[in-house]
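Q: Take this structure first; my questions come after.
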Amino acid sequence: MKNQIRKLINKMGYNIVPITQTGKNPMGDMKMFLQNDQPLIFDIGANVGQTINRFRSVFPKSKVYSFEPSPSTYETLKVNASNHENVYLYNCAMGSSLRQMTFFENTHSEMSSFLQLSEFGWGTVTKETLVDVNTVDQFCSDNSIDRIDILKSDTQGFDFEVFKGAEGTIRLNKIGLIYFEVTFSEMYKNLPSFGEIYNFLINHNFRLVSFYKFYYQEQLASWTDALFVHKSLIPTSTPGIEHKPLHSL
């Protein structure tokens with residue numbers, strides 16, 4: 007049966023080759039594209055260090071720059087990251103321009119954001135804190151960083167602003183992978199649409215690798231994580247179902 011299916015697919019102009027299971031695990035997908043065991047990683051929206059642990063379990067030799075705007079959450083981050091080498095912590099936010107902004111700190115720290123809660127958000131804002139906002143472009147310039155292998159952004163609806171502030175670095179093809187949380191529901195006010203973010207990344211030579219686990223509210227997709235890869239990291243012969251030119255019958 008398998009041979010018959012293979013022959014049928016070959017007649018249609020396609021060829022099946024062995025694949026790794028893309029889309030199952032974002033860290034595994036990153037490792038597949040990078041082929042680099044010492045990546046430089048930006049962890050934007052570090053919270054208390056959850057993603058640092060995930061990155062270091064897959065890339066133990068990585069160098070990680072972590073950014074967390076909340077002063078109180080940052081103190082917890084410092085404790086949780088204290089056992090990691092080559093992890094550098096910064097108590098600031100990343101955005102589209104250098105400025106100060108009001109950060110809405112939530113009873114659930116993972117819900118804190120520069121955007122105000124909306125219909126599907128949860129928790130309560132307990133404090134409004136004025137925080138410093140830097141940009142990826144400026145930080146790279148100030149710290150002589152020539153390339154970012156992985157840019158992770160989990161900023162509760164502020165990710166598009168982060169990407170805008172990295173546009174100079176992106177235009178120079180100096181970011182390999184972008185991994186971020188996508189929010190579809192009205193969790194915060196004035197959320198940019200996924201379409202806006204998608205078009206921005208596509209127009210800057212990134213391609214979607216996969217969405218990962220979906221979370222739902224009111225039986226509708228609410229949020230998930232997405233991984234984009236720069237075209238320069240895509241193999242010329244991508245594993246999977248490989249298209250070949252159709253031949254005349």
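Using my numbering, you'd call the opening residue of the sequence shown number 7 and step up by one each time.
Note that CB positions come from ideal geometry on N, CA and C, so glycine has one too.
1) Apply the 10 Å Cβ neighbour rule to GLN162 and answer buried if 16 or more other Cβ atoms are within range, or exposed otherwise.
2) Would you list, in sequence order, the uninterrupted alpha helix (DSSP H) runs of no fewer than 4 residues that lie entirely inside the region 103-180?
3) Excluding five sequence neighbours on each side, which residues of the same chain lie with their C-beta closer than 8 Å to the C-beta of ARG153?
4) Do you know how far the Cα of CYS98 is from the Cα of PRO75?
5) Short of 8 Å in beta carbon distance, which residues of its chain neighbour VAL64, apart from the five on each side in sequence? Order them along the chain.
6) Taking the straight line between their C-alpha atoms, what separation do you get for PHE66 and GLN56?
7) Could you tell me whether the Cβ of SER150 comes closer than 8 Å to any Cβ of chain B?
8) Can you give me the C-alpha to C-alpha distance between THR189 and TYR218, rounded to a whole angstrom?
9) Given that a residue counts as buried once 16 or more other Cβ atoms are within 10 Å of its Cβ, and exposed if not, what is LYS237?
10) Name the two residues that bound the continuous alpha helix (DSSP H) containing ILE50.
11) Which residue comes first and which comes last in the beta strand (DSSP E) that contains ASP231?
12) For ASN112, is the classification buried or exposed, using 16 other Cβ atoms within 10 angstroms of its Cβ as the cut-off for buried?
13) Can you find the residues in the same chain that come closer than 8 Å, C-beta to C-beta, to PRO198, ignoring five residues on each side of it along the sequence?
14) Could you give the distance in angstroms between the alpha-carbon of SER103 and the alpha-carbon of GLY171?
15) Using only CA atoms, which one of SER191, GLU224, PHE234, ASN196 lies nearest to ASN209?
16) Consult DSSP for THR28 and reduce its assignment to one of helix, strand or coil.
17) From the DSSP output, which residues share a beta bridge with PHE212?
18) Measure from the alpha carbon of VAL93 to the alpha carbon of each residue in VAL70, PHE110, THR79, VAL85, then state which is nearest.
19) Throw me the rounded Cβ distance for the LEU123 and ASN196 pair, which I believe falls under 8 Å.
A: According to the structure shown:
1) Here GLN162 is buried. Its C-beta has 16 or more other C-beta atoms within 10 Å.
2) Annotation note: the region 103-180 contains the following uninterrupted alpha helix (DSSP H) runs of length 4 or greater, listed N- to C-terminal: 142-148, 165-170, 173-177.
3) Answer for ARG153: LEU46, LYS180, ILE181, GLY182, listed in chain order.
4) Rounded to the nearest angstrom, the two C-alpha atoms are 4 Å apart.
5) Within the same chain, Cβ atoms closer than 8 Å to the Cβ of VAL64 are found at MET33, GLY34, MET36, LYS37, the five residues on either side in sequence being excluded.
6) A small fix is needed here, since residue 66 is Pro in this sequence, not Phe. Straight-line measurement puts the Cα of GLN56 at about 15 Å from the Cα of PRO66.
7) Annotation note: the requested chain B is absent from the structure, which comprises a single protein chain.
8) Each residue's Cα considered, the two are about 13 Å apart.
9) That one is exposed.
10) Note, ILE50: premise wrong, no alpha helix (DSSP H); beta strand (DSSP E) at 46-50.
11) Unbroken beta strand (DSSP E) run through ASP231: 226-236.
12) That one is buried.
13) Cβ contact annotation for PRO198 (same chain, cutoff 8 Å, sequence separation greater than five): GLY163, PHE166, in chain order.
14) Between the C-alpha atoms of SER103 and GLY171 there is a straight-line separation of about 6 Å.
15) Minimum Cα distance to ASN209 is reached at PHE234.
16) Secondary structure at THR28: coil, using DSSP grouped into helix, strand and coil.
17) BP columns for PHE212 point to HIS236.
18) Answer by Cα proximity: VAL70.
19) So it is not a contact: roughly 11 Å between Cβ atoms.
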